[in-house]
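These notes are about the structure you will find just below.
There are 2 protein chains.
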Amino acid sequence: MQRGYAPFLYFVAVLGLEAAMQKECRIIEALQNKLTYQQRLQYMKHYFPINYTMNVQFEEVLRVANITRLRDQSVGELSLRYLWLSVNSQVLLKIWAVLPEKHPSWEYTRDLCYLFEQLTEEYENYNQGNMDANVWDVVEQLVSSDAGSSRKAVYPKALLDNCVKVMLMLYSESCK
Amino acid sequence: MQRGYAPFLYFVAVLGLEAAMQKECRIIEALQNKLTYQQRLQYMKHYFPINYTMNVQFEEVLRVANITRLRDQSVGELSLRYLWLSVNSQVLLKIWAVLPEKHPSWEYTRDLCYLFEQLTEEYENYNQGNMDANVWDVVEQLVSSDAGSSRKAVYPKALLDNCVKVMLMLYSESCK
């Protein structure tokens, strides 16, 4: 009798995962619409003083090259997405934190933070426990105290440029 | 015959100086209208990242207390005004220089720079050569290379707050 349920439960689980992926893709689409080159230029470059940099952790500068290297080490796609998500959630919160509430980039950055928050929620509901060990190490390094991690001065726009490039790399196939 | 012209020439000169003072006061009024607390707050605080500071020369932080001390040393009012003018012309150019052309404080700062340029022109036409030696020293220090002068990190709004306070101190009597 119990065995009879197995295909049905599997079917429900697959449906659930698919619905989750669709939701994830909708958030990614919203992010893409908010992270166009023009908006990054306006809100993260034109509205900041010339040569203004953010002091971020070394691990928060996540470039396409880092993802390529991790893929070569056979790190799974789910883990890479979680890494990208964790890094950029934190980066955006840091940018938001340096903006006064009446700064013209404040609302834009808050909206991005909310989208990342939604994505994290969605992600953690469905994919937790599927992380590669080396990705966990980086994520833990990020969420733990900053002490001990080397720092880097990076332009806010450069941080969002990295965010977009890696997003396209990780999602363009599964969120066509 | 030449002696007969003297009172007339003196009269013309006095008229000229009065007309110059009126023009100076009109520029001061325009500056006051552009330097209200609300505008300083908006353009120099809300539109900058939190804790953003400008690296200025020690002499560019010209406070009411500095003017009081110079007055106690019998430095004349014309010299004090020229000092205030020189310091703040340079401070505003420095703020303008860190702003991208599409930054929401760019136009505001440019307008202030223009007003200071007009005031300097007006001032130099009528008052040159009447400077106290110690004021000249400070002005020369400002316009010469920065090397050798100690530096200070100051908030842009704090620089304009000093500018306004000293302006009111120096002009409220003669530009009622």
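Sequence lines, in order, name chains A and B.
With the working numbering, the residue at position 1 of the first sequence is 1, and numbering never jumps.
Heads up, the working numbering is the position in the second sequence plus 1000, with the first residue counted as 1.
The C-beta atom is built at its ideal place from N, Cα and C for all residues, glycine as well.
Computed from a prediction, not measured in an experiment: that's the story for all the values here.
In the DSSP assignment, find the alpha helix (DSSP H) that holds residue i and state where it starts and stops.
i, result
"A/Gln-90", "77 to 97"
"B/Arg-1063", "Premise fails: B/Arg-1063 is in no alpha helix (DSSP H) and is neither H nor E."
"A/Tyr-37", "37 to 41"
"A/Asp-137", "133 to 143"
Between the C-alpha atoms of residue i and residue j, what's the straight-line distance to the nearest angstrom?
i, j, result
"B/Asn-1033", "A/Glu-121", "50 Å"
"A/Arg-63", "A/Leu-142", "16 Å"
"A/Ala-158", "A/Tyr-43", "12 Å"
"A/Met-1", "A/Glu-18", "Since pLDDT at A/Met-1 reaches only 48, below the 50 mark, its modelled position is unreliable, and the value read off the structure follows with that caveat. Cα to Cα, the separation comes out at about 27 Å."
"A/Gln-73", "A/Asp-111", "34 Å"
"B/Leu-1070", "B/Ser-1150", "20 Å"
"A/Val-154", "A/Met-54", "5 Å"
"B/Thr-1036", "B/Lys-1165", "11 Å"
"B/Cys-1113", "B/His-1046", "20 Å"
"A/Val-139", "A/Asn-162", "17 Å"
"B/Leu-1170", "B/Glu-1077", "7 Å"
"A/Ser-174", "A/Glu-24", "10 Å"
"B/Glu-1101", "B/Tyr-1005", "54 Å"
"A/Pro-7", "A/Arg-81", "29 Å"
"A/Trp-96", "A/Val-56", "13 Å"
"B/Glu-1029", "B/Ser-1172", "10 Å"
"B/Tyr-1052", "B/Thr-1068", "29 Å"
"A/Leu-193", "B/Trp-1106", "In the structure as shown, chain A starts at 1 and stops at 176, and residue 193 of chain A therefore has no counterpart that could be examined."
"B/Asn-1125", "B/Ala-1065", "29 Å"
"B/Val-1075", "A/Ser-144", "58 Å"
For residue i, which residues does DSSP report across the bridge?
i, result
"B/Met-1054", "B/Val-1154"
Whole-angstrom Cβ separation of residue i and residue j, contact assumed at under 8 Å?
i, j, result
"B/Ala-1031", "A/Ile-50", "Checking the displayed sequence, the identity of residue 1031 of chain B turns out to be Leu instead of Ala. Actually they do not touch by this definition, with Cβ atoms about 25 Å apart."
"B/Asp-1132", "B/Ser-1079", "4 Å"
"B/Phe-1123", "B/Leu-1085", "The sequence as given places Tyr at residue 1123 of chain B; Phe does not occur at that position. With 8 Å as the limit, B/Tyr-1123 and B/Leu-1085 qualify as a contact, their Cβ atoms being about 6 Å apart."
"B/Asn-1088", "B/Phe-1116", "6 Å"
"B/Leu-1168", "B/Ile-1027", "15 Å between Cβ atoms; not a contact."
"A/Val-135", "A/Leu-83", "5 Å"
"B/Gln-1177", "B/Tyr-1108", "As shown, chain B starts at 1001 and ends at 1176. That puts residue 1177 of chain B outside it, with no answer to give."
"A/Phe-58", "A/Lys-152", "6 Å"
"A/Pro-104", "B/Pro-1104", "5 Å"
"B/Glu-1060", "B/Gln-1022", "No, B/Glu-1060 and B/Gln-1022 are not in contact; Cβ-Cβ is about 29 Å, not under 8 Å."
Do residue i and the ligand NAP come close, with the Cβ less than 7 Å from some heavy atom?
i, result
"B/Lys-1152", "Summarising the ligand content, the structure contains no ligands, and the ligand NAP is consequently not present."
**OP:** Using a Cβ-Cβ cut-off of less than 7 Å, give me the residues of the stretch 1089 to 1104 of chain B that come near chain A, in sequence order.
**Re:** Val-1098, Leu-1099, Pro-1100, Lys-1102, His-1103 and Pro-1104
Subject >> chain A contacts made by the stretch 1045 to 1062 of chain B, where a contact means CB separation under 8 Å >> reply: Lys-1045, His-1046, Tyr-1047, Phe-1048, Pro-1049, Ile-1050, Asn-1051 and Tyr-1052
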